[in-house]
Structure formats: structure tokens, C-alpha cells
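For the sequence shown, the working numbering begins at 2 and goes up steadily by one.
Think of the CB as a built atom: it goes at the ideal place given N, C-alpha and C, for glycine as much as any other residue.
What follows is one structure encoded as C-alpha cells, with my remarks underneath.
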Amino acid sequence: MAMHRRHAEPPAARPAGPPAAAPEPPATCRPDPPADAAEPPAARPGEPPAPAHGTTHADAHAAALAHALRAAEHGYPVIPLTRGKLPAIRSPHRGHPEVPPCRGGCGRPGHGVHDASTDPLTVRRLFATAPWATGYGIACGRPPHHLIGLDLDTKNGADGLIALRFLAEDHGFPIPPTVIVRTPSGGCHLWLTGPPDPPVPNSAGRLAPGIDVRGAGGYLVGPGSLTTHGRYVLAPGCASHPAPAPTALLTLLTAPPPSAHRDPVPGAPPQSAAALVRFVRTSPDGQRNARLFWAACRAYESGLGRELTERLTEAACHTGLSEQEARATIASAAHR
């Protein structure tokens, strides 16, 4: 992958600047319904071509290995994955679990992300052990990149992209241009880099609804992988290097789980009522209904739906929505 060819050196730290009032990630993070499940994108110069949908399993395996080797060449530890996005090699200890669990010390493959390697010979051996693999995973939190993955998805009324924009506005950090991988479901993975310590933990929905985090001990499905639901591909025009995670975002990513604090109300989201209203009030064109619906959902989840209805309606009208449209959107959130 040309992306990995350009990763030969770790990205330089970007100078800090004043946070944007309404930071926006690249438009390629929210693509039209992707056609890549049916027709793969053209390979970049020097990048091994991905097999077309419907090609033989051997072709898909060979392409996954080629992509994985290119990733490993540029410092990304990789493992083979099945079409179901799971580690392709079964544990050698199945049926005989070890205490404490083996992390690869036995010398045999089958320890999931703990097998991930940048050594080309090791990578080839792993793929030879799993000829059914059609994808590869990139281990997060490992040197030299200490990769952090933000999995932004839209499901069950949540919207990861809008949630990330909300966090950026509420905590005053920019969303930097970075590597973006489009997923077959229409979501995307944002790649960021972090410091070696403290490690960023894996989480699902803890940072915000619709945002899953891949950190130490986790992995990201690499671009070029073919899965049951389609292919993972680089977003056109995205950055060639993963950007350093903003300091304020790192603070959120490494904060103790809410249960470790005594003050928050159980089940209440971290966003304040005032922040939800401000998020709606600053909606740009094309995002007014989406932001209002997302904010109303969060308000009802925290038991503040009725209390915030008027304030959210007023904020939506300020953006140009009619009162009728605003109230209909809030009502939809209430009955979600």
C-alpha cells in the first residue's frame, strides 16, 4: 500500500493551534454508500492490487498477505484474519486453558493479537498456517506508532461521527487530518498515534455513543482486507500518516471508567445539558437535523428529554429549522 510506503518515518508532531469553533473531520469519513463491496478501488502506485469481489479464495488470501507484508514493512504489527474479522489461527490451548493465559510464550501461533509481528518471515508463516485468511489485523498500542483506532459507526440511533464532533466542540480540540479507512457498513476508522504511556484501553461506546476505541491489546482491520460484508478501503484523499491524537482527546481516552468516580449519576452521559444545546445551536448546514436528533437522544437517555425540549427546539430554530421540524425530530428521538 502506498499509504504504508509513505509511513517509513513516524509523523512529526503537529504544532498546537487554536481549536476550531466547529471542527470537522474530512468529508471522506462519511462516504456515500460504498461500492467497494462489489468493486475494489484502483491500487495506488506500488500498492498490490486488491482482488475483485467474487475472485477465488486463493486470490483473496494472496492479496491479504501482500497488504499485510506492506503494512509490516512500515512498522505495523499484523496478524491474519478470517472473513468474520477474527484472528484466523485457533488457540493451541483450546480445551486446555492455561492459568495465567499464555500470550505466545509457548512458541506456537494462535494467540490472537499477541502473535502480531512486523517480521516478514513470521508474517508469511502465520498466513501459511491460515490459508483461509482473507484479511489482516493491525495491532494497536504497539511501537513504533502506538496506533489508536476510533471506530465511528451509525447504529441504534447513535452516530459516531456526530459524537466525535460533539466531543471536539465540548472539549476544545481539533479533529486532525489523518488516515481514514472506510468500512463495508458505511462507517469509518480514524487512525491516530499516541504516546507509549499511559496505554489507551479498548472500549465500546464509553467515549460516546457510536464510538468504539481500539487501543492496547486491540486491533484494526487493515485496508485491503476482504470480509463477509465487503472490503475495507482507504478513504480517497485522506492523509498518508496517522496524526497524533490531540492532548484533550487523549485525556478522555485514558480517563478511568465512569464507575470509578463517585459523583456522576449512574447511567448519565458525560455531556452537560448546556453542551448539548450549544452543539445543536452551532450546527452547520446539512447537519441540523442529524445533530438535533443525536442531542435529543442523549437528553432522553439521561432523563433530561422533557426538560431540554424547549431549549433544544429554540437552538434548532436558531439554525434555520422550523419549529415544526424541530419538534418532530425531538419527538422521533423520544420514541426511539
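Tell whether a beta-carbon distance below 8 Å holds between residue i and residue j.
i: V222; j: V214; result: no
i: Y281; j: R299; result: Reading off the sequence, residue 281 comes out as Val, not Tyr. Taking 8 Å as the Cβ cut-off, V281 and R299 do not qualify as a contacting pair.
i: G150; j: L82; result: no
i: G211; j: G287; result: no
i: H242; j: V180; result: yes
i: A332; j: C318; result: no
i: A341; j: V182; result: The shown model of the chain, from 2 to 337, leaves out residue 341, and the question about it has no answer.
i: D154; j: G105; result: no
i: P197; j: P245; result: no
i: P102; j: L127; result: no
i: Y220; j: C141; result: yes
i: T320; j: S273; result: no
i: A276; j: A334; result: no
i: W192; j: L148; result: yes
i: A73; j: S118; result: yes
i: A134; j: H62; result: yes
i: I90; j: V114; result: no
i: P247; j: Y233; result: no
i: H146; j: P185; result: no
i: L227; j: R84; result: yes
i: V278; j: R307; result: no
i: P199; j: T255; result: yes
So residue i is in the beta strand (DSSP E); what residue range does that whole segment cover?
i: G206; result: 204-209
i: V222; result: 220-222
i: R215; result: 212-215
Go ahead and pull the three-state DSSP assignment for residue i.
i: H94; result: coil
i: V124; result: helix
i: V278; result: helix
i: R328; result: helix
i: S333; result: helix
i: A23; result: Annotation note: pLDDT 34 at A23 (below 50); position unreliable, coordinate value reported separately. Of the three classes helix, strand and coil, the one that applies to A23 here is coil, per DSSP.
i: T255; result: helix
i: G113; result: helix
i: L235; result: strand
i: T57; result: coil
i: A240; result: coil
i: T130; result: helix
i: L322; result: coil
i: R292; result: helix
i: A317; result: helix
i: C103; result: coil
i: C298; result: helix
i: R263; result: For R263, the pLDDT reaches just 38, beneath the cut-off of 50, and the residue's location in the model is therefore unreliable, although a value from the coordinates is still provided. Three-state result, R263: coil.
Looking at the strands, I want to know which residues DSSP matches up with residue i.
i: L82; result: P88, G136
i: P245; result: T194
i: L66; result: L66 is not bridged to any residue.
i: L250; result: In DSSP, L250 forms no bridge with anything.
i: T228; result: G231
i: S118; result: V79
Between which two residues does the alpha helix (DSSP H) carrying residue i extend?
i: S284; result: Taken as a continuous stretch (DSSP letters only), S284 belongs to no alpha helix (DSSP H), as it is neither H nor E.
i: L305; result: Unbroken run through L305: none, as it is neither H nor E.
For residue i and chain C, any beta-carbon pair shorter than 8 Å?
i: A140; result: The structure shown contains no chain C; it holds only a single protein chain.
Runs of beta strand (DSSP E) lying entirely within the segment 137-198, each at least 3 residues, in chain order: 148-153, 181-183, 189-194
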